[in-house]
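**Q**
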Amino acid sequence: MGHSFLIKPMIDEIYPVIDYGKGIYLYDMDGKKYLDAASGAVTANIGHGVTEIIDAMKEQAEKISFVYRSQFTSEAAEKLADKIAEMAPGDLNWSFFVNSGSEATETAMKMAIQYWQEKGIETKTKVLSRWVSYHGITLGALSMSGHPGRRARFAPLLEDFPVINPPYCYRCPYGLEAPSCGYLCAHELETAVNRIGAEKIAAFIAEPVIGAAGGAITPPKDYYKIIKKICEDHDILFIADEVMTGFGRTGTMLSSEQWGITPDIVALGKGMGAGYAPIAAALASEKVMEPIIAGTKSVMSGHTLSANPQSCAVSLAVLEYLEKNEIIKDVECKSVYLKNQLEKIKGQFSFIGDVRGKGLLLGIEFVQDLNSKAPFPRSAAITQKVISIGKENGLLIYPAGAGLDGVNGDAIIISPPLTITKREIEELTHLLKVTLEALSKQIEKL
Ligand SMILES: Cc1ncc(COP(=O)(O)O)c(C=O)c1O
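With our numbering as the guide, the letters of the sequence shown map in order to residues 1186 to 1631.
#1: By Cβ distance, which residues of its chain are closer than 7 Å to residue 1336, with the 5 residues on each side in sequence left out?
#2: I need the straight-line Cα distance from residue 1365 to residue 1441, nearest angstrom please.
#3: Locate the beta strand (DSSP E) running through residue 1278, then write down its first and last residues.
#4: Quick check: what's the CA-CA separation for residue 1535 versus residue 1516?
#5: Using alpha carbons as the reference points, say which of 1425, 1600, 1456 lies closest to residue 1524.
#6: Whole angstroms is fine: what's the gap from residue 1518's alpha carbon to residue 1273's?
#7: Check for me: the beta strand (DSSP E) holding residue 1325 runs from which residue to which?
#8: Under the rule that 16 or more other beta-carbon atoms within 10 Å means buried, what is residue 1373, buried or exposed?
#9: What residue range does the beta strand (DSSP E) around residue 1486 cover?
#10: What is the DSSP secondary structure of residue 1207, counted as helix, strand or coil?
#11: Just tell me which of 1259, 1207, 1618 has its CA closest to the CA of residue 1549.
#12: Mind pulling the alpha helix (DSSP H) runs of 4 or more residues that sit fully within the segment 1431-1518?
#13: Using only alpha-carbon positions, find the residue among 1481, 1245, 1500, 1402 that is nearest to residue 1318.
#14: Do the segment 1436-1454 and the segment 1245-1256 meet, that is, are 3 or more Cβ pairs less than 8 Å apart?
#15: Any idea what DSSP makes of residue 1387, helix, strand or coil?
#16: Pair every Cβ in the segment 1296-1303 with every Cβ in the segment 1465-1474, then say whether three or more of these pairs are closer than 8 Å.
#17: Determine the DSSP secondary structure at residue 1571, reduced to helix, strand or coil.
#18: Starting from residue 1371, follow the beta strand (DSSP E) in both directions and report where the run begins and ends.
#19: State the Cα-Cα distance for the pair residue 1466 and residue 1498, rounded to the nearest angstrom.
#20: The alpha helix (DSSP H) spanning residue 1333 covers which residue range?
#21: Quick check: residue 1282 and residue 1483, are their CB atoms within less than 9 Å of each other?
#22: Using a Cβ-based criterion (distance less than 8 Å to any ligand heavy atom), does residue 1290 qualify as near ligand 1?
#23: Alpha carbons only, please: which of 1545, 1233, 1378, 1489 is nearest the one belonging to residue 1251?
#24: Identify whether residue 1289 lies in helix, strand or coil by the three-state DSSP scheme.
#25: Going by CA-CA distance only, name the one from 1279, 1275, 1253, 1286 that's closest to residue 1460.
#26: So is the beta-carbon of residue 1285 under 8 Å away from any non-hydrogen atom of ligand 1?
#27: If we count Cβ pairs, one from each stretch, closer than 8 Å, do we get three or more for the segment 1304-1311 versus the segment 1260-1274?
#28: Per DSSP, which one or two residues make a beta bridge with residue 1540?
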């Protein structure tokens, strides 16, 4: 390709031109094949080129692709909302459709603030969050994100919502081990709430398994029960950011189910359209909707393309595909197999500090020294090196941050489509091993 006016992630870099995708594989215009062990950005949950989804897209496009939500509703949007209510735990029944994960967390934040306003409480406007987190790139979502690298440029425009440490057992801020640690990192929330004042706090937001910011950091078993209890004790709503973990990624429809809690509001995205259409949602419980329905009857958010029938039909087809093929129920078994393979690989390389994660959202953290857990210097650019060697070898993996400060650390996420087979997992781990062997050679030269 010659000159380009397309603003790509790195403007001076040459990207392969995609031709097509089928299942877990992608093919570029030069005929090179890639195993998509990242599902793009943890998005292509059912793989590429699925006929049922293409058929549903075509069928909807032949009827109507777009109507504006203040003028019409559509069968596709209504059915999707019904299906989500049926599949989501508890009384998380109400869907507000948007187009990206950032819009979903931002809408969730706005709904939480509005909930308190409708109850006559105007002071509860802050949304607390954790460091080592990512909730999206729009300014509200970025205000909630504990991601120093992505905040830096816009820091003067952002709220200081991240206030507590992440549940990062590999680098426990207290140097303790769960469960004897007493879950001090969860109890930090209570301290933060007392410092700030519950009367100012609308909600607390967290990713059940920390994605891009932390490389699949997975809290110990009772962590979210403690967090939820603190929220309830202080009249604070709990928002689960399941943009990455939702739609079966960690082995259940919502990851929250595995932690024994039901959030008040859930942000969904990524796997919701599985990459076939831009669609995301803020999903609210009856408790959250009740004062809004009794009050102004309107949620103050929305986008031109919110609830467009085209994206809704795609998401509905994705949900039906997950259900018909019983994909979510096999995630745990595939996870155990893949994690075992990754553990074996870990034993072969002196620079793999930790293998972690849940379901098919697995992370590998790299360290310079296994004993001290010291990270590589930033200048070594280890994460970027693994990603680019992987790509050369036809393996797509997802970059992640690591380290308690969210600045110094290297990690990757392995998150193939949930439809991956055992044989494909073996191919993935072979390609990963080859990639890490090449990385090892580069590390020797540092
Ligand atoms: C947990 C989480 N929340 C929100 C977002 C933002 O979603 P989007 O990139 O679709 O705006 C992401 C994206 O990576 C995410 O991982």
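In this text, a Cβ means the ideal position worked out from N, Cα and C, and glycines have one as well.
**A** Taking the definition as stated:
#1: 1327, 1330, 1343
#2: 23 Å
#3: Unbroken beta strand (DSSP E) run through residue 1278: 1277-1283.
#4: 29 Å
#5: Proximity to residue 1524 across 1425, 1600, 1456 peaks at 1600, based on C-alpha coordinates.
#6: Looking at the two C-alpha atoms, the distance is approximately 22 Å.
#7: From DSSP, residue 1325 is part of no beta strand (DSSP E) but of the alpha helix (DSSP H) over 1324-1329.
#8: buried
#9: Premise fails: residue 1486 is in no beta strand (DSSP E) and is neither H nor E.
#10: strand
#11: 1618
#12: Here the runs fully enclosed are 1471-1479, 1494-1509.
#13: 1402
#14: no
#15: Under the three-state reduction of DSSP output, residue 1387 falls in the strand class.
#16: Verdict: yes, contact present.
#17: helix
#18: No beta strand (DSSP E) holds residue 1371; the alpha helix (DSSP H) holding it covers 1369-1381.
#19: 14 Å
#20: Where residue 1333 is concerned, the enclosing alpha helix (DSSP H) stretches over 1333-1336.
#21: no
#22: Taken from the Cβ of residue 1290, at least one heavy atom of ligand 1 lies inside 8 Å.
#23: 1489
#24: helix
#25: 1286
#26: yes
#27: no
#28: Checking the DSSP bridge columns, you'll see residue 1540 partnered with 1549.
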